[in-house]
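Remarks on the structure that follows.
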Amino acid sequence: MPRGLIRYEHTGNFHFLTFSCYHRLQHLGLAAARSLFEDALERVRRRYRFVVAGFVVMPEHVHLLVGEPQKGAVSGVVHALKLSVAMRRRERPFWQARYYDFLVHNDEKRIEKLRYMHRNPVVRGLVARPEDWPWSSFRHYATGCPGVVQIESQWTAMQRGNRLPEWLRCRERTG
């Protein structure tokens, strides 16, 4: 672990996480590998009890927008997720050792990060439109349809009959 690296955990904020395959190799280049990652993300989400607000699985890296886990810490979630995927794949090593963690402290940043991750496959030329990339949370936001990974959104709150979480509520802008 590098010296001076500070991770802010237990702040109550969302975390925009990015981690890459070893040397940015396309270990997630096949559809089956990306689907495996989605399955692992849902299993880890349930085990550590955290909210997934968004994700995208790219051929050589992953972006996640997640809440803090009720069990453990964000670093433990990342470790469990990486280990779960690596154990089911032949490539060695599978992941880069570290990960990027950006604390998302307001609605504007949350929306910015969701847009960035959902547009990533388009910008990279993998698809023409975000909805054409199945390994992301974009379709859920566009249609409300559930996917492999449970996404916390206005759709899931309405399906549960609950009030919207604070971070999803529209706020009146005052002047």
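Quick note on numbering: our numbering labels position 93 of the sequence shown as 94, and the sequence is numbered without any gaps. C-beta atoms are modelled at their ideal positions from N, C-alpha and C, and glycine is treated no differently.
Per-residue DSSP class, three states only, for residue i
i           : result
residue 77  : helix
residue 1   : Coverage of the chain is limited to positions 2 through 176, which leaves residue 1 absent and any answer about it impossible.
residue 56  : strand
residue 51  : coil
residue 65  : strand
residue 19  : strand
residue 84  : helix
residue 103 : strand
residue 138 : coil
Assigned exposure category for residue i - 16 Cβ within 10 Å defines buried
i           : result
residue 176 : Per-residue confidence for residue 176 stands at a pLDDT of 31, beneath the threshold of 50, marking its modelled position as unreliable; the derived number appears in the next sentence. Residue 176 should be labelled exposed.
residue 146 : exposed
residue 102 : buried
residue 173 : A caution first: residue 173 carries a pLDDT of 37, below 50, which makes its placement in the model unreliable, though a value can still be read off. Residue 173 should be labelled exposed.
residue 113 : exposed
residue 130 : exposed
residue 122 : buried
residue 76  : exposed
residue 125 : exposed
residue 24  : exposed
residue 93  : exposed
residue 47  : exposed
Residue i versus the options, residue with shortest Cα-Cα distance
i           : options               : result
residue 44  : 154, 120, 115 and 149 : 149
residue 116 : 34, 54, 33 and 127    : 54
residue 70  : 20, 123, 140 and 81   : 81
residue 31  : 97, 133, 19 and 61    : 61
residue 33  : 143, 19, 144 and 135  : 135
residue 42  : 140, 118, 63 and 154  : 63
residue 157 : 92, 118 and 52        : 52
Same chain, Cβ closer than 6 Å to residue i, neighbours up to 5 away in sequence not counted
i           : result
residue 79  : 100
residue 138 : 55, 56 and 152
residue 104 : 9 and 14
residue 49  : 70, 72, 73 and 78
residue 17  : 66, 103, 105 and 114
residue 2   : The predicted position of residue 2 is uncertain, since its pLDDT is 47 and thus under 50; no value can be drawn from it.
residue 110 : none
Own chain partners of residue i with C-beta closer than 8 Å, once the 5 adjacent residues on each side are dropped
i          : result
residue 40 : 149
residue 20 : 62, 63, 79, 83, 96, 97, 99, 100 and 101
Residues near residue i by beta carbon distance below 7 Å, same chain, minus five either side
i           : result
residue 37  : 86 and 89
residue 128 : 122 and 134
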